[in-house]
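Numbering (our numbering), first residue to last: 3 to 194.
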Ligand code: 5GP
């Protein structure tokens, strides 16, 4: 038995814990599949090409834009990020619960193209806590953290336009809420 493919778009400020939540739901929902984005940002220590992102230079990224290779793309912080279109379409057609972890600009582009998708916003417990998490992560310098905090303030204002919002103040509860939301919207079971 498999069910209809669906698209879930997850956004929220850097440091809200989207990555951890997505890793957890992949373990709970067997037909969930997460898209790997392309980016012109440099890899952070430990990030692997093709696993965390497809890391590429601007010329390669712009070429994919030109050839309609992205379902959506946006300038986020100081780099370009985009969702490869073909693999997302293939996984939806195959009946998977497709997860995109993308910024608010990208989320609204996807909603326009695929109005049936579900937009989920992940909120940090507070802006102070968000700053703490970014500082503890230790992957960005202070200037970058300050810039990300400014972007975060703008993003949080957009959450009213999302279909569902989850406050990530308790990882177990937030995981349960997200799994439950996806299961409720994943479509009916149907024979292959
Ligand atoms: P980071 O550089 O911390 O990995 O990601 C920065 C931001 O880019 C996050 O808000 C993340 O959700 C967003 N992002 C990652 N991939 C994509 C994508 O394919 N498209 C868009 N629009 N945003 C993305």
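Think of the CB as a built atom: it goes at the ideal place given N, C-alpha and C, for glycine as much as any other residue.
Residue environment analysis places residue 148 among the exposed positions, since fewer than 16 neighbouring C-beta atoms fall within 10 angstroms of its C-beta. Setting aside the 5 residues that flank it on each side, residue 98 is surrounded in the same chain by 7, 33, 35, each with a C-beta closer than 6 Å to its C-beta; the list follows chain order. A residue is called buried once 16 or more other Cβ atoms fall within 10 Å of its Cβ, and residue 126 is buried on that count. Where residue 120 is concerned, there is no enclosing alpha helix (DSSP H), although the beta strand (DSSP E) around it starts and stops at 120-125. Taking each of 185, 142, 166 in turn and checking the Cα distance to residue 17, the smallest one comes out for 142. Our two residues, residue 11 and residue 164, have alpha carbons roughly 10 Å apart in a direct line.
In the DSSP assignment, residue 74 falls within the beta strand (DSSP E) that extends over 72-78. Scanning 119, 82, 70, 61 for the CA closest to the CA of residue 94 turns up 119. In terms of Cα proximity to residue 169, the closest of 102, 9, 20, 82 is 20.
In the structure shown, residue 107 falls within a helical segment according to DSSP collapsed to helix, strand and coil.
In its chain, beyond the 5 residues on either side, 23, 26, 27, 30 have a beta carbon closer than 8 Å to the beta carbon of residue 177. Around the beta-carbon of residue 109, 16 or more other beta-carbon atoms lie within 10 Å, marking it buried. Counted as a single uninterrupted DSSP element, the stretch harbouring residue 18 is not any beta strand (DSSP E), since DSSP gives it neither H nor E. The C-beta of residue 174 has fewer than 16 other C-beta atoms within 10 Å across all chains shown, which makes the residue exposed. If you check the C-beta of residue 137 against the ligand 5GP, you find no heavy atom less than 7 Å away.
Measuring C-alpha to C-alpha distances from residue 140 to each of 46, 53, 90, 4 identifies 46 as the nearest. Counting only runs of at least 3 residues, the stretch 23-78 fully encloses the following beta strand (DSSP E) elements, listed from N- to C-terminal order: 34-36, 72-78.
Between the alpha carbons of residue 65 and residue 14 lies a distance of about 28 Å.
Set against 7 Å, the gap from the CB of residue 104 to the closest heavy atom of the ligand 5GP is smaller.
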